[in-house]
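Trainee: Below is one structure. I have some questions about it.
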Amino acid sequence: MRWTPHATVACIVEREGRFLLVEEMANGERVYNQPAGHLEEGETFIDAARREALEETGWIVEPEALLGLYTYYAPANGVTYHRFCFVARAIREVPNAKLDDGIIAAHWLTRDEIETLKPRLRSKLVTDCIDDYLRGTRYPLDVIQETA
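Residues 11 to 158 in the numbering used here are what the sequence shown spells out, letter by letter.
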């Protein structure tokens with residue numbers, strides 16, 4: 011059997027000191043995560059980030075920078091995830107947007123509020139990515155080379 015990592019995207023969206031997080035059901039538990047999900051066949055990383063944010067939060071966002079590439083092994087399912095995490099700007103909320111199955115709600119939370127949720131975060135990448143963002147980590151989007 012060949013080992014295959016899962017390619018995912020996520021967005022750090024900050025507005026007035028609050029971060030956009032998703033409350034969702036995963037493996038039968040209520041957890042919190044950045045808007046994130048799997049890259050679909052034929053999709054660019056940036057387009058996937060836009061799509062996942064909209065599908066999970068009802069917000070249209072625009073990626074402005076690459077925060078980083080993260081690798082996470084999930085003990086719960088034995089899967090290794092390669093996450094392309096973007097810094098994105100909130101454009102606007104779509105009224106009555108239909109959210110993906112399993113999504114409970116979108117929340118704007120401060121870093122301190124997120125810290126209190128630590129036992130219920132989907133993975134340690136939630137705080138790792140926010141902390142990298144707060145440290146000022148940014149890479150230009152053109153560091154990603156994608157061919158159509």
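Glycine is no exception: its CB is placed at the ideal position from the N, C-alpha and C atoms.
1) Taking the alpha-carbon of V153 as reference, which of R132, D111, I70, L79 has the nearest alpha-carbon?
2) Once the 5 residues before and after V71 are set aside, which same chain residues still bring their CB inside 7 Å of it?
3) H48: which of T90, E74, E26 sits nearest, CA to CA?
4) On a CA-only basis, which of F55, T81, A116, R121 is nearest P73? Give me that one, please.
5) Which residues does DSSP list as the beta-bridge partners of L119?
6) Give the DSSP bridge partners of M35, in chain order.
7) How long is the line joining the alpha carbons of R28 and M11, rounded to whole angstroms?
8) Out of curiosity, what's the CA-to-CA distance linking P15 and T81?
9) Who are V23's beta bridge partners in DSSP?
10) Beta-carbon within less than 7 Å of H117's beta-carbon, same chain only, minus the 5 sequence neighbours each way: which residues are those?
11) Pick out whichever of E66, Y42, P85, K128 has its Cα sitting closest to the Cα of D111.
12) Taking a contact to mean a Cβ-Cβ separation below 9 Å, would you say T18 touches R93 in this structure?
13) CA-CA distance, D141 and D122?
14) Among Q44, E53, E51, whose alpha-carbon lies nearest the alpha-carbon of D138?
15) Less than 9 Å between the beta carbons of L135 and I124, yes or no?
Mentor: Well, looking at it:
1) The sequence position of residue 153 within the sequence shown is 143, counting from 1. Of R132, D111, I70, L79, the residue nearest in Cα terms is L79.
2) Within the sequence shown, residue 71 is the residue found at index 61, counting from 1. C21, V23, R60, A63, A98, R99, A100, I101, listed in sequence order.
3) The count along the sequence shown starts at 1 and reaches residue 48 at position 38. The shortest Cα separation from H48 among T90, E74, E26 belongs to T90.
4) Start at 1 with the first residue of the sequence shown, and residue 73 comes out as number 63. The residue with the shortest Cα to Cα distance from P73 is F55.
5) Reading the sequence shown from its first residue, position 109 is the one you call residue 119. In the DSSP output, where bridge partners are listed per residue, L119 has F29.
6) As a position in the sequence shown, residue 35 is number 25, starting the count at 1. M35 is bridged to R40.
7) As a first step, residue 28 must be located in the sequence shown, where it is residue number 18. As a first step, residue 11 must be located in the sequence shown, where it is residue number 1. Rounded to whole angstroms, R28 to M11 spans 43 Å at the Cα level.
8) Residue 15 sits at position 5 when you count from the first residue of the sequence shown. Residue 81 sits at position 71 when you count from the first residue of the sequence shown. Distance between the alpha carbons of P15 and T81 is about 9 Å.
9) Counted from its first residue, the sequence shown places residue 23 at position 13. Bridge partners of V23: A98.
10) Indexing the sequence shown from 1 puts residue 117 at position 107. Non-local C-beta neighbours of H117 in its own chain, meaning closer than 7 Å and more than five positions away in sequence, comprise L31, E33, ordered along the chain.
11) Position 101 of the sequence shown holds residue 111. Residue E66 is the option with its Cα nearest to D111.
12) As a position in the sequence shown, residue 18 is number 8, starting the count at 1. As a position in the sequence shown, residue 93 is number 83, starting the count at 1. Their beta carbons are under 9 Å apart, which means T18 touches R93 by this criterion.
13) Indexing the sequence shown from 1 puts residue 141 at position 131. Indexing the sequence shown from 1 puts residue 122 at position 112. Distance between the alpha carbons of D141 and D122: 11 Å.
14) On the sequence shown, position 128 is the one that residue 138 refers to. Nearest C-alpha to D138: Q44.
15) For the purposes of this step, residue 135 is taken as residue 125 along the sequence shown, with counting starting at 1. For the purposes of this step, residue 124 is taken as residue 114 along the sequence shown, with counting starting at 1. Taking 9 Å as the Cβ cut-off, L135 and I124 do not qualify as a contacting pair.
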